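> From first to last, the protein sequence lines stand for chains A and B.
Add 626 to the 1-based position in the first sequence for my numbering, that's all there is to it.
Add 626 to the 1-based position in the second sequence for my numbering, that's all there is to it.
The structure that follows is given in the form of structure tokens.
There are 2 protein chains.
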Amino acid sequence: MQGRAFWARLNTGQRNQYINAHRNVPPGLLARYHDAGIRNLSIFVHEDFLFLYLESDNYDAALAVLENDPIESEWQRLLGPMLQAGGYSELAELFHIA
Amino acid sequence: MQGRAFWARLNTGQRNQYINAHRNVPPGLLARYHDAGIRNLSIFVHEDFLFLYLESDNYDAALAVLENDPIESEWQRLLGPMLQAGGYSELAELFHIA
Chain A
627 MQGRAFWARL NTGQRNQYIN AHRNVPPGLL ARYHDAGIRN LSIFVHEDFL
677 FLYLESDNYD AALAVLENDP IESEWQRLLG PMLQAGGYSE LAELFHIA
Chain B
627 MQGRAFWARL NTGQRNQYIN AHRNVPPGLL ARYHDAGIRN LSIFVHEDFL
677 FLYLESDNYD AALAVLENDP IESEWQRLLG PMLQAGGYSE LAELFHIA
């Protein structure tokens, strides 16, 4: 199962809000992620930089499921304004051992 | 098994050298990583930013083994000068689902 990584930058002053939001994710969200085939999702922070790592059974299929999910859509509407324009962008993998 | 993440910045002009080095890791290095309990190690790149994600049976034990390993030490001596001062720093995890 290959991991994929993404990065984003927080808007000024939104760091604590972003962290606190993740302490109270919407009811049902984690079950949707699991049902979509996401097996590991970690977000890390350094100053205003965010780094997201995820593993999924099938990334494109997971994305397709979640794009049409009302709980995920509402969650992204909450988080989106905390991130600088463009939100998360994927990083290129340069090395991997499993 | 908790993942940990680290970031670093490449020195100007060292990006291709860093990528190419990882296409030719020293013989024996991956076996040492495996024996040290590292179960997943991925490095991602965006411009001059590096993000490293790893999972290990016991991170502190793995580090103690690798710090005294001559192959790993030689590898880090090769890579070190490609990174800006300080090398890799750990990121704080703000969210994790497994």
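Note that CB positions come from ideal geometry on N, CA and C, so glycine has one too.
From a predicted model like this one, the values you see are computed outputs, not experimental measurements.
Around the C-beta of B:E700, are 16 or more other C-beta atoms found within 10 angstroms, so that it is buried, or is it exposed?
exposed
> Measuring CB atoms only, is the segment 628-637 of chain A touching the segment 651-671 of chain B, in the sense that at least three cross pairs come out at less than 8 Å?
yes
> Should A:H682 be flagged as near chain B, meaning a C-beta pair shorter than 8 Å?
Sequence check: residue 682 of chain A is Ser here, not His. No - not a single Cβ of chain B is within 8 Å of the one on A:S682.
> Mind listing which residues of the segment 693-723 of chain A have their C-beta closer than 7 Å to chain B's C-betas, in chain order?
L717, A718, E719, L720, F721, H722 and I723
> Could you pull the DSSP bridge partners for B:G629 from this structure?
B:E681
> Is it right to say A:L689 is buried, meaning 16 or more other beta carbons lie within 10 angstroms of its own, or is it exposed?
exposed
> Could you list which residues in chain B have their beta carbon closer than 8 Å to that of A:Y659, in chain order?
I723
> Quick check: the Cα distance between A:Y685 and B:W633, rounded to an integer number of angstroms?
24 Å
> So, helix, strand or coil for B:L667, using DSSP?
strand
> Would you say A:L671 faces chain B, with C-beta separation under 8 Å as the test?
With the sequence shown as reference, residue 671 of chain A is identified as Val, and Leu is not the correct amino acid for it. Yes, because at least one Cβ of chain B sits closer than 8 Å to the Cβ of A:V671.
> Compare the C-beta of A:G639 with all C-beta atoms of chain B and state if any pair is closer than 8 Å.
no
> Who are A:H722's beta bridge partners in DSSP?
B:S668
> What's the call for A:A662, buried or exposed, on a 16-neighbour Cβ count within 10 Å?
buried
> Which residues in the same chain have their Cβ closer than 8 Å to the Cβ of B:G654, if we skip the five residues on either side of it in sequence?
I697
> Using a 10 Å radius around the Cβ and a threshold of 16 neighbouring Cβ atoms, would you call B:S715 buried or exposed?
exposed
> Going along the chain, which residues of its own chain have a beta-carbon closer than 8 Å to the beta-carbon of A:T638, five neighbours each way excluded?
D674
> Please go through the same chain and pick out, in chain order, the residues whose beta-carbon is closer than 8 Å to the beta-carbon of A:H722, but skip the five residues on each side of it.
Q628 and G629
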